[in-house]
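For the sequence shown, our numbering assigns the number 1430 to the initial residue and increments by one for each residue that follows.
Note that CB positions come from ideal geometry on N, CA and C, so glycine has one too.
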Amino acid sequence: MASSLVSSLTTRAIVLLLVNISFSFNNLAAKHRHHATHHHRFHSHSPTSNLRLHQAYIALQAWKKTIYSDPKNFTTNWVGPSVCSYTGVFCAPALDDPEIRVVAGIDLNSGDIAGFLPNEIGLLSDLALIHLNSNRFCGIIPETLANLTLLYELDLSNNRFVGPFPSVVLPLPTLRFLDIRFNEFEGPLPPELFNKELDAIFVNNNRFTKMIPPNFGISTASVVVFANNRFGGCIPPSISNFANSLEELVLINNNLTGCLPQELGYLYKLRVLDVSSNSIVGPIPYSLAGLAHLELLNLGHNMLSGIVSEGVCLLPSLKNLTFSYNFFCEEQGICQNLTSRKGLKYDDRQNCFPEKPLQRSAKECNATLEHPVDCFEHPCAGAGGGGAKTAFGTAFIPAAAPAIVPVSSPFIPPSYT
1430 MASSLVSSLT
1440 TRAIVLLLVN
1450 ISFSFNNLAA
1460 KHRHHATHHH
1470 RFHSHSPTSN
1480 LRLHQAYIAL
1490 QAWKKTIYSD
1500 PKNFTTNWVG
1510 PSVCSYTGVF
1520 CAPALDDPEI
1530 RVVAGIDLNS
1540 GDIAGFLPNE
1550 IGLLSDLALI
1560 HLNSNRFCGI
1570 IPETLANLTL
1580 LYELDLSNNR
1590 FVGPFPSVVL
1600 PLPTLRFLDI
1610 RFNEFEGPLP
1620 PELFNKELDA
1630 IFVNNNRFTK
1640 MIPPNFGIST
1650 ASVVVFANNR
1660 FGGCIPPSIS
1670 NFANSLEELV
1680 LINNNLTGCL
1690 PQELGYLYKL
1700 RVLDVSSNSI
1710 VGPIPYSLAG
1720 LAHLELLNLG
1730 HNMLSGIVSE
1740 GVCLLPSLKN
1750 LTFSYNFFCE
1760 EQGICQNLTS
1770 RKGLKYDDRQ
1780 NCFPEKPLQR
1790 SAKECNATLE
1800 HPVDCFEHPC
1810 AGAGGGGAKT
1820 AFGTAFIPAA
1830 APAIVPVSSP
1840 FIPPSYT
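Below, the structure is given as structure tokens:
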């Protein structure tokens, strides 16, 4: 579902650029109080008379020099001053002067291009869209990206960028879509990321560490994907601040600990919740029974225990329910016979249900169930975020079969072809 949203957002952006880009930019101009009340004719300008296209020429020629592999010949025609004819380069009227054409978008998706981003990219100050998905760009993101104050969409996914989170994007005033998944970024996420009015945040499949910032949830994003990193600590209760926007929350395969916060139940728009392959303990929050729009719930490969409540199994929109590889010991009502719910895919293997097949051994279950987790006493093992306490110390993830990829997965390397 997250991947389909990316595809639709990307398609929408490109259509706006190619089919009616001037209309798109007039909408952006309205946000800057530059109102266009009539249709402006394009006027031709020579490269020498249009300083911005000349700056774009300098930037694109510098960029071409950093490219050392272009197997699909995307940049072969990046020759001469007519930059608006370059492959992957799109021009439109300037926001502040519709009589002037500027480079407004760059789309090199799926080019398999190897190289890096030069400092001269900061000369492209009229860019609203950069799509570099599925290439082999490497190195760090240049600080001059801060000059792109009109940037609305930034997609650097599926490349080889390195270094800490590219904090240069944080001051960009109009940025609404950020996709940096499938790279080699590392270290903590800056709290400032969640103060931005972003529509989507994709940081999965990097090397991010530390705790999820405590202000997590202030953002207005509808999709947040943190999967396949090294985040530790708990899911902050501040996630309740996402209530009016969040539809998909994917935290697969990190080092998250502690209990699931009751505040998850406040996310009334949520359609996808996947916290599988972590070290989460305790029971399923009773508040999840109120998520009427939830279609996918994946709790698998954790150390959850207690009862699988009927309220969860009766969620009206549920199509995929996974709670395998945990320590649940009891199922209420219809949860005991989920085959009776037509259209529902479920997985309840490797728990502690006494009369079901493919469950854990009694010895394994007893060792854990004799020491239940009290999430009210230790919701996150204190401010350190180390995980709820059990008789064995801080919770750990048990040895289990490889994690099952959910039906709806944004973890295949993105492609917008």
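Whether residue i touches residue j by CB criterion (8 Å)
i: Ile1550; j: Thr1516; result: no
i: Ser1586; j: Phe1631; result: yes
i: Arg1623; j: Ser1648; result: For clarity, residue 1623 is Phe in the given sequence; the question names Arg instead. It is a contact, given that the beta carbons lie within the stated cut-off.
i: Val1508; j: Tyr1486; result: no
i: Phe1752; j: Gly1735; result: no
i: Leu1524; j: Ile1559; result: no
i: Ile1713; j: Met1732; result: no
i: Leu1618; j: Phe1594; result: yes
i: Pro1571; j: Asn1588; result: no
Straight-line Cα distance separating residue j from residue i
i: Ala1693; j: Leu1717; result: Per the sequence presented here, residue 1693 reads as Leu, with Ala not at that position. About 7 Å.
i: Val1591; j: Ile1569; result: 5 Å
i: Gly1814; j: Leu1678; result: Only weak support is given to the placement of Gly1814: the predicted model assigns it a pLDDT of 37, under 50, and the question is left unresolved by the model.
i: Gly1534; j: Phe1519; result: 5 Å
i: Asn1658; j: Arg1770; result: 34 Å
i: Val1597; j: Glu1621; result: 11 Å
i: Tyr1497; j: Arg1605; result: 31 Å
i: Gly1540; j: Pro1602; result: 29 Å
i: Lys1818; j: Gly1661; result: Model confidence at Lys1818 stands at a pLDDT of 41, short of 50, so the residue's coordinates are unreliable; what they give is reported in the following sentence. Computed Cα separation, rounded: 15 Å.
i: Pro1600; j: Gly1711; result: 39 Å
i: Asn1644; j: Cys1781; result: 36 Å
i: Leu1579; j: Asn1683; result: 34 Å
i: Gly1544; j: Tyr1695; result: 45 Å
i: Phe1637; j: Asp1803; result: 29 Å
i: Glu1676; j: Pro1665; result: 17 Å
i: Asp1777; j: Tyr1754; result: 8 Å
i: Lys1639; j: Asp1536; result: 33 Å
i: Pro1522; j: Glu1528; result: 6 Å
i: Phe1916; j: Lys1493; result: This structure does not reach residue 1916, given that the chain is present from 1430 up to 1846, and the question cannot be answered.
i: Ala1820; j: Val1654; result: Its pLDDT being 35, under 50, Ala1820 is placed unreliably by the model, and nothing is read from it.
i: His1800; j: Cys1663; result: 20 Å
i: Asn1576; j: Val1531; result: 15 Å
i: Ser1790; j: Thr1797; result: 11 Å
i: His1483; j: Ala1629; result: 33 Å
i: Thr1505; j: Ile1681; result: 40 Å
i: Lys1625; j: Leu1556; result: 19 Å
i: Asn1670; j: Thr1686; result: 21 Å
Identity of the residues DSSP links to residue i by a beta bridge
i: Tyr1775; result: Leu1750
i: Phe1566; result: Gly1544
i: Arg1636; result: Glu1615
i: Glu1662; result: Going by the sequence as given, residue 1662 is Gly instead of Glu. Beta-bridge pairing links Gly1662 to Leu1685.
i: Phe1631; result: Asp1608, Val1654
i: Asn1727; result: Asp1703, Thr1751
i: Phe1757; result: Gly1735
i: Asp1584; result: His1560, Asp1608
i: Arg1789; result: Note: Arg1789 sits in no beta bridge, so no partner.
i: Phe1590; result: Gly1568
i: Leu1678; result: Val1653, Leu1702
C-beta neighbour in chain D for residue i, strict 8 Å
i: Lys1625; result: Judged by its chain identifiers, the structure shown contains no chain D, having just a single protein chain.
Start-end ranges of the beta strand (DSSP E) lying completely within the segment 1682-1714, minimum 3 residues: 1701-1703
contact_flag[the segment 1754-1770, the segment 1731-1746] where n(CB pairs < 8 Å) is 3 or more: These segments touch.
Runs of alpha helix (DSSP H) wholly within the segment 1476-1558 (minimum 4 residues, chain order): 1480-1495
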